[in-house]
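Colleague: Protein chains in written order, with our numbering: chain A, 129 to 487; chain B, 129 to 487; chain C, 129 to 487; chain D, 129 to 487. Cβ coordinates follow ideal geometry from the N, Cα and C atoms, glycine included.
Protein chains: 4
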Amino acid sequence: MSNTWGSLFKLHSFGESHGVAMGGIVEGMPAGFKLDVSALQQELNRRKASINTYSTTRFEPDELIILSGIEHEICLGSPIGFLIWNKAQKPQDYKSTHDILRPSHADYTYLAKYGLHAQSGGGRSSARETLSRVVAGAMAKQVLCHYGITVQSWIQQIGPLACKDIWDWPATQFKSESMCPEIDVWNHMQNLIETTQKQGNTLGGTIRCIITGVPAGIGEPVFDKLHAKLGQGMLSIPTVKAVAFADAIACTSKFGSETNDAFYTDAHGKIKTHTNHSGGIQGGISNGMPICIETFFKPISSIRSEQHSVTHDGKATTFAIEGRHDVCVLPRALPIVEAMAAMTILDFWMLQQLKQFKA
Amino acid sequence: MSNTWGSLFKLHSFGESHGVAMGGIVEGMPAGFKLDVSALQQELNRRKASINTYSTTRFEPDELIILSGIEHEICLGSPIGFLIWNKAQKPQDYKSTHDILRPSHADYTYLAKYGLHAQSGGGRSSARETLSRVVAGAMAKQVLCHYGITVQSWIQQIGPLACKDIWDWPATQFKSESMCPEIDVWNHMQNLIETTQKQGNTLGGTIRCIITGVPAGIGEPVFDKLHAKLGQGMLSIPTVKAVAFADAIACTSKFGSETNDAFYTDAHGKIKTHTNHSGGIQGGISNGMPICIETFFKPISSIRSEQHSVTHDGKATTFAIEGRHDVCVLPRALPIVEAMAAMTILDFWMLQQLKQFKA
Amino acid sequence: MSNTWGSLFKLHSFGESHGVAMGGIVEGMPAGFKLDVSALQQELNRRKASINTYSTTRFEPDELIILSGIEHEICLGSPIGFLIWNKAQKPQDYKSTHDILRPSHADYTYLAKYGLHAQSGGGRSSARETLSRVVAGAMAKQVLCHYGITVQSWIQQIGPLACKDIWDWPATQFKSESMCPEIDVWNHMQNLIETTQKQGNTLGGTIRCIITGVPAGIGEPVFDKLHAKLGQGMLSIPTVKAVAFADAIACTSKFGSETNDAFYTDAHGKIKTHTNHSGGIQGGISNGMPICIETFFKPISSIRSEQHSVTHDGKATTFAIEGRHDVCVLPRALPIVEAMAAMTILDFWMLQQLKQFKA
Amino acid sequence: MSNTWGSLFKLHSFGESHGVAMGGIVEGMPAGFKLDVSALQQELNRRKASINTYSTTRFEPDELIILSGIEHEICLGSPIGFLIWNKAQKPQDYKSTHDILRPSHADYTYLAKYGLHAQSGGGRSSARETLSRVVAGAMAKQVLCHYGITVQSWIQQIGPLACKDIWDWPATQFKSESMCPEIDVWNHMQNLIETTQKQGNTLGGTIRCIITGVPAGIGEPVFDKLHAKLGQGMLSIPTVKAVAFADAIACTSKFGSETNDAFYTDAHGKIKTHTNHSGGIQGGISNGMPICIETFFKPISSIRSEQHSVTHDGKATTFAIEGRHDVCVLPRALPIVEAMAAMTILDFWMLQQLKQFKA
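1. Anything in chain D within Cβ reach of residue 393 of chain C, meaning under 8 Å, just list it in chain order.
2. For residue 364 of chain A, which of helix, strand or coil comes out of DSSP?
3. Using a Cβ-Cβ cut-off of 7 Å (strictly less than) and excluding sequence neighbours within five positions of residue 255 of chain B, which residues of its own chain qualify?
4. According to the neighbour-count rule (16 or more other Cβ atoms, all chains shown, within 10 Å of its Cβ), is residue 207 of chain B buried or exposed?
5. Alpha carbons only, please: which of D/308, D/263, D/377 is nearest the one belonging to residue 167 of chain D?
6. For residue 438 of chain A versus residue 229 of chain A, is the C-beta distance shorter than 8 Å?
7. Candidates B/453, B/286, B/312: which alpha carbon is nearest residue 380 of chain A's?
8. If the cut is a Cβ gap below 9 Å, which residues of chain A does residue 480 of chain B touch?
9. Compare the C-beta of residue 131 of chain B against all C-beta atoms of chain C and say whether one is closer than 8 Å.
10. I'd like the list of long-range same chain contacts for residue 375 of chain B, defined as Cβ closer than 7 Å, with 5 residues on each side in sequence excluded.
11. Beta carbon of residue 410 of chain C: closer than 7 Å to some heavy atom of the ligand MN?
12. Starting from residue 336 of chain A, trace the alpha helix (DSSP H) both ways and give me its first and last residue.
13. What are the boundary residues of the beta strand (DSSP E) that residue 380 of chain A is part of?
14. Report the option in B/141, B/378, B/414, B/160 whose CA atom is closest to the CA atom of residue 243 of chain C.
15. In chain order, which continuous runs of the alpha helix (DSSP H) of length 4 or greater are located wholly inside the segment 257-288 of chain C?
16. From residue 385 of chain A to residue 429 of chain B, what distance separates their C-alpha atoms?
17. So, at 8 Å on beta carbons, what are the nonlocal neighbours of residue 158 of chain A in its own chain, with the 5 sequence-adjacent residues on each side left out?
18. Run down chain D in chain order and give the residues with a C-beta less than 9 Å from the C-beta of residue 144 of chain A.
19. In chain order, which alpha helix (DSSP H) runs of at least 4 residues are fully inside the segment 428-476 of chain D?
20. When you compare each of C/135, C/201, C/131, C/240 to residue 484 of chain D by their alpha carbons, which one comes out closest?
21. Could you tell me whether the segment 295-311 of chain D touches the segment 276-285 of chain D, using the rule of 3 or more Cβ pairs below 8 Å?
22. Give me the Cβ distance between residue 387 of chain A and residue 357 of chain B, rounded to the nearest whole Å; I'm assuming they're in contact under 8 Å.
23. Could you check whether the segment 341-357 of chain C touches the segment 341-358 of chain D, counting it as contact only if at least three pairs of C-beta atoms, one from each stretch, sit closer than 8 Å?
24. Suppose you measure from the CA of residue 400 of chain B to the CA of residue 466 of chain D; what does that come to, to the nearest Å?
25. Determine the contact status of residue 251 of chain C and residue 144 of chain C, defining contact as a CB-CB distance below 8 Å.
26. Between which two residues does the alpha helix (DSSP H) carrying residue 165 of chain C extend?
27. With distance defined between alpha-carbon atoms, name the residue in D/197, D/297, D/340 nearest to residue 257 of chain A.
28. Between the segment 269-289 of chain A and chain D, which residues of the former have a C-beta closer than 7 Å to a C-beta of the latter?
29. Would residue 471 of chain A and residue 137 of chain A qualify as a contact pair, given that the criterion is a beta-carbon distance under 8 Å?
30. Under 7 Å Cβ-Cβ, which residues of chain A neighbour residue 252 of chain D?
31. I think residue 382 of chain A touches residue 332 of chain B, with their Cβ atoms under 8 Å apart; what is that distance to the nearest whole Å?
32. In the structure shown, what three-state DSSP assignment does residue 253 of chain D receive?
33. Figure out for me which residue from B/274, B/326, B/313, B/233 has the closest Cα to the Cα of residue 390 of chain A.
34. From what residue to what residue does the beta strand (DSSP E) around residue 138 of chain B run?
35. Does the CB of residue 338 of chain B have a neighbour CB from chain A at under 8 Å?
36. Is there a Cβ of chain D sitting closer than 8 Å to that of residue 292 of chain C, yes or no?
See the structure below:
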């Protein structure tokens with residue numbers, strides 16, 4: 129496992145942040161599907177560091193190169209190999225901290241796991257690893273789109289600042305240049321990021337993701353419940369350490385009579401629920417209502433102020449992190465969240481095609 | 129996938145709540161390991177409905193029958209088949225609601241998924257499915273115990289009642305008859321359950337689980353981060369819809385300078401962290417500190433009061449649930465949470481044995 | 129892996145020959161499929177030891193017990209747990225050889241692998257393990273039958289006696305009581321088995337299996353070529369150590385101009401080939417022609433005459449095998465060969481349903 | 129599956145013969161292992177078309193480019209991405225046959241499978257796909273070498289010409305420039321290839337592979353028997369349609385008393401067998417004796433003489449294949465056979481490290 133996501137629609141991923149290239153192999157794109165390759169690049173661009181203050185100053189062109197599996201934008205049914213060259217590596221930025229276990233980084237755990245310390249920075253623990261996810265997720269989105277399934281995410285909270293606690297924003301509320309549906313909250317968030325950047329500190333927050341158009345019946349009953357696998361996907365994103373579906377956390381202190389979602393039949397004869405405490409999933413399987421996921425990001429650990437730690441051989445030391453790092457990962461994380469959601473939904477959607485006997 | 133958990137230590141599970149038997153196959157128990165089979169039964173007994181008011185009145189003996197893979201308590205290295213007969217099925221309890229989509233149950237989603245409605249109650253969506261998990265988890269616990277790894281869980285919250293927000297309770301605080309470290313909170317919880325039961329209502333809450341003794345280096349860097357897979361495991365438990373590691377939710381509104389865990393070397397030369405906001409996991413890999421998981425349970429959906437819903441063919445109806453159901457799933461869920469934790473940790477522990485080259 | 133066959137249609141298997149029960153879990157039977165459960169028992173009966181001289185005198189009722197996943201013969205879409213009790217175990221038969229490494233048995237390799245020696249005879253290496261395969265294979269056959277795919281096998285050779293080297297026997301040639309299409313050859317084979325039985329010796333041979341009605345396009349291009357996976361399936365049957373498709377062995381000494389299969393279009397507009405040296409598979413993918421497999425069985429190793437060997441601690445010894453053993457495994461192996469073929473074809477058939485984009 | 133080989137040591141492969149690049153991802157190389165990268169290139173060179181008459185005139189530099197997972201020749205434990213650019217594509221060579229189903233090629237089966245026909249020649253069905261196998265196999269070989277395991281292959285037969293039917297050639301018999309242990313037979317084979325090339329025809333044959341130093345205990349008892357998985361690996365090589373272990377085919381017409389391998393203890397106290405009809409594998413598990421595999425290659429289907437076939441829409445036609453093709457695939461297939469053997473053995477070797485309980 130480890131570097132593979134999915135069972136029918138699959139991404140195999142490779143690449144270290146300061147190595148030669150990032151990349152992967154996508155399996156499961158149906159043969160004959162016409163893929164808009166430029167849209168893959170657009171998703172990469174959404175993830176890219178911008179000139180805004182909130183992100184790293186490592187600017188990578190992040191140009192996607194397709195190596196196989198696609199001919200004249202038609203998927204051949206064969207595996208789609210792809211890569212993105214690393215062009216702005218500066219391993220020297222890591223020299224001063226090379227022997228130091230940076231707090232809440234993966235330095236110590238990688239050392240323990242692999243018994244060595246690569247010179248190439250964070251290795252697989254760098255968020256640069258998520259490039260491959262965005263590419264594969266953008267492919268999945270295009271297939272889902274054909275089946276009327278859309279994936280939309282926004283920043284719900286950064287530090288102490290949060291949007292209204294609602295899930296059903298009208299689509300008109302989302303504009304390409306804003307990251308959340310309430311533009312004034314987003315402006316405050318940007319100010320907070322700027323201030324925090326000057327202080328050499330970092331911020332966390334939450335991202336909400338809503339998936340609409342998923343037909344009822346997608347998901348598996350036991351270990352691979354739809355929300356369990358979506359949850360794993362979200363928790364696998366760097367700095368994410370909690371995940372919740374709809375208002376599940378608030379529900380823990382309520383009565384069942386307050387949290388059950390009553391069914392009704394709508395004007396078109398479609399079965400729906402009045403409320404959506406279930407977040408679109410019951411018994412691990414989609415019920416046709418929007419799927420609502422909230423993902424919790426801890427502040428990133430690369431703060432600029434002096435910190436206490438130990439060296440590889442356990443000696444106490446103080447140090448300050450150099451190099452180029454984001455202040456707040458959330459603006460760049462939106463396409464990553466959507467990628468994990470899209471890949472997971474498509475994988476289960478495919479599996480469902482085999483579940484009922486067709487004579 | 130779906131009915132299988134794990135990649136090296138594996139459980140394959142089968143059985144419907146109102147079918148003939150529940151059971152499974154465990155693969156990966158190392159040959160030559162001496163297994164205390166009676167301890168497996170004890171874990172099943174922890175999960176059993178008790179005479180307390182908070183649980184269903186369906187009393188099943190839940191006697192474990194081992195079919196293969198063990199001889200004189202020694203694991204042979206072959207798959208361990210096991211079953212537990214269903215003895216107290218009462219499918220007739222479901223007759224009155226057979227044609228009704230019970231709110232927040234899996235009735236509708238199963239119908240959509242499989243295109244049929246089994247007579248045997250909730251099928252795989254019943255919590256009775258977790259019997260197999262408890263058996264396999266109890267095996268995993270015994271192996272982990274040999275390596276100094278322990279898994280402990282308690283009820284942190286039921287409805288509005290919660291224990292103190294701390295993780296490092298002294299072991300003496302846990303008594304077999306109590307479900308949480310603060311005995312007076314537990315007494316209040318029991319009263320609340322009793323009252324709620326009389327009102328025909330149900331309760332949710334949270335369970336905390338702490339895993340100690342895990343060496344640094346366990347877990348995988350990208351998609352199968354240790355907390356991502358533990359998270360999937362927890363989210364796969366019936367009625368769980370959110371999961372968090374340590375204080376990850378609170379961390380989202382703090383600065384990085386407040387949430388980084390500074391390393392130090394202890395008197396025995398072991399590298400530790402002063403705080404544990406990381407919940408024992410950094411970059412998806414264990415750092416040797418206790419692993420801290422909080423699992424959020426929604427109130428169970430089987431309330432006794434009258435509810436509005438629709439029939440299978442979409443007609444509006446009102447009904448009240450009969451049958452035998454728990455008021456609050458948390459007391460019986462402790463061994464299930466521990467089972468998912470134990471299986472997952474053992475699986476990753478095994479994988480780690482292969483990660484470093486040994487000349 | 130190891131105890132699991134298939135990726136979408138799956139069998140997980142358990143059970144030692146002299147343990148409590150054999151059994152397994154089948155996943156992937158499509159929900160709503162009406163399964164003839166009595167036909168599963170009939171396939172088990174085909175595999176059973178008969179009163180003929182050629183088989184063991186261990187007579188097991190081999191009664192199939194379904195534990196889950198089926199209600200009123202309708203598959204629910206959930207995993208189908210099943211078992212077959214072991215009733216005629218006689219571990220005492222193995223006492224005299226318990227400390228001896230029987231030549232060409234798995235005694236030594238199991239000891240090396242697991243570091244222990246179970247008292248229960250051959251453990252998983254006994255051909256009794258194939259019971260689970262026959263059950264799952266019989267399910268697969270019923271699904272395939274709905275799609276017009278049939279699996280037929282016969283004994284092609286026993287010892288030096290062989291049928292004509294042709295693949296396209298008319299269906300009328302197969303009678304339930306005979307094991308091969310040439311009844312006189314079968315009579316000679318039976319005589320040979322009887323003679324060999326009296327001499328305390330054993331026999332090998334080959335089984336041919338032909339699968340018709342497979343549409344073109346089933347299989348995968350690289351590692352999981354259809355014949356590669358069918359080959360693994362056949363080689364996993366006890367005592368099988370070679371496998372060939374159509375006349376592949378003879379083709380190695382011919383020219384390409386002699387072994388190419390020319391295409392033509394038949395009267396119904398269907399593309400076929402004049403010859404079938406490809407055995408129905410080109411580039412790892414079915415071409416619509418019959419799939420032709422020959423499976424090579426070594427003589428079973430349980431001969432009654434005195435043999436030289438060593439004990440577990442390496443001391444030279446002589447001994448003679450007691451217990452109940454077949455003289456020639458082929459008559460009972462027909463349903464096993466068919467089971468592996470049917471499971472494999474169904475698995476790939478399912479996978480193919482997802483390969484082309486459907487707008 | 130399909131494009132992945134292995135479960136712990138894994139290769140994921142991508143690339144079409146006439147696309148941009150071939151490549152793959154290797155997972156499971158143990159961290160800290162010092163890899164001789166130049167030796168990987170040497171294995172690729174062994175597979176390369178030479179100036180000899182027997183091979184295609186498409187000359188590719190086949191230069192290996194490592195993209196990740198290795199730093200200063202030390203494996204980091206992360207996935208090793210790699211690629212080989214396709215530089216000498218000539219899709220125009222396929223224009224004249226573009227609309228024709230070439231006999232015994234995969235044209236028809238790919239069309240049926242994917243519903244489309246790529247312009248890029250044979251796509252994944254080209255033997256160029258095996259480049260990735262050779263790279264990964266060469267890595268596996270280096271790890272095996274550290275554990276004293278060696279993989280050696282030779283051409284046993286081409287067309288009607290064959291070496292002596294023995295397995296235990298002295299190592300001195302293998303010279304780098306010859307492909308089989310009997311130099312005079314190899315000379316005759318080369319003459320036969322030359323003559324056949326002039327006639328526009330093609331040749332098949334067999335390759336033998338012997339793996340020595342494998343400790344007893346490697347392999348799995350049921351579906352993933354060591355020879356079953358080795359068999360799948362061999363059958364997945366283009367044009368291979370049969371596989372046999374040791375003299376398994378000849379054994380089918382013998383008595384058990386002739387084919388059992390008697391155990392003895394050698395001067396060093398090691399348990400061995402006098403004969404090796406088992407080919408080093410008993411009950412699916414290695415017994416410490418050399419593992420003996422024979423792989424049967426059909427003549428390749430690209431003959432130059434005129435052939436009859438049909439077009440994509442089923443119309444009869446005659447045509448002659450142009451383009452650059454091998455006359456006999458066996459000389460270039462040796463490193464491919466070894467690669468599949470090495471990857472498979474290493475995968476099972478790793479799995480075995482987890483099988484016995486270590487207190």
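Modeller: Based on what the coordinates show:
1. Chain D residues near residue 393 of chain C: 438, 442, 443, 444.
2. Note: residue 364 of chain A maps to coil in three-state DSSP.
3. Hits under 7 Å: 366, 457.
4. By the 10 Å Cβ count, residue 207 of chain B comes out buried.
5. It is D/263 whose Cα lies nearest to the Cα of residue 167 of chain D.
6. A Cβ-Cβ contact shorter than 8 Å links residue 438 of chain A with residue 229 of chain A.
7. Answer by Cα proximity: B/286.
8. Residues of chain A passing the Cβ test: 241.
9. So yes, residue 131 of chain B belongs to the interface.
10. Sequence-distant Cβ neighbours of residue 375 of chain B in its own chain, meaning closer than 7 Å and more than five residues away, are 405.
11. By its list of ligands, the structure shown contains no ligand whatsoever, and the ligand MN lies outside what it can speak to.
12. No alpha helix (DSSP H) contains residue 336 of chain A, which is instead part of the beta strand (DSSP E) from 333-340.
13. First-last for residue 380 of chain A: undefined, no H or E at that position.
14. Residue B/160 is the option with its Cα nearest to residue 243 of chain C.
15. Complete alpha helix (DSSP H) runs here, min 4: 258-274.
16. Taking the straight line from one Cα to the other gives about 8 Å.
17. Excluding sequence neighbours, residue 158 of chain A sits near 203, 205, 271.
18. The contact set of residue 144 of chain A on chain D, defined by CB atoms closer than 9 Å, consists of 196, 197, 199, 204, 206 in chain order.
19. DSSP runs (the alpha helix (DSSP H)) wholly in the segment 428-476 of chain D: none.
20. The residue from C/135, C/201, C/131, C/240 with its alpha-carbon nearest to that of residue 484 of chain D is C/240.
21. Contact between the segment 295-311 of chain D and the segment 276-285 of chain D is present, because at least three Cβ pairs lie under 8 Å.
22. Separation of the CB atoms of residue 387 of chain A and residue 357 of chain B is rounded to 27 Å, and the pair is thereby denied contact status at 8 Å.
23. Contact between the segment 341-357 of chain C and the segment 341-358 of chain D is absent: fewer than three C-beta pairs spanning the two stretches fall below 8 Å.
24. Cα-Cα distance, rounded: 47 Å.
25. Contact: yes.
26. First-last of the alpha helix (DSSP H) with residue 165 of chain C: 165-175.
27. Closest by alpha carbon: D/197.
28. Answer in chain order: no residues at all.
29. Yes.
30. The contacting residues are 206.
31. Between residue 382 of chain A and residue 332 of chain B the beta-carbon gap is near 7 Å, inside 8 Å, which marks them as a contact.
32. In the structure shown, residue 253 of chain D sits in a helix (DSSP, three-state: H, G or I).
33. From the listed residues B/274, B/326, B/313, B/233, the smallest Cα separation to residue 390 of chain A is found for B/233.
34. Bounds of the beta strand (DSSP E) holding residue 138 of chain B are 138-142.
35. Answer no: the Cβ-Cβ gap between residue 338 of chain B and chain A never drops below 8 Å.
36. It does not; no Cβ of chain D falls within 8 Å.
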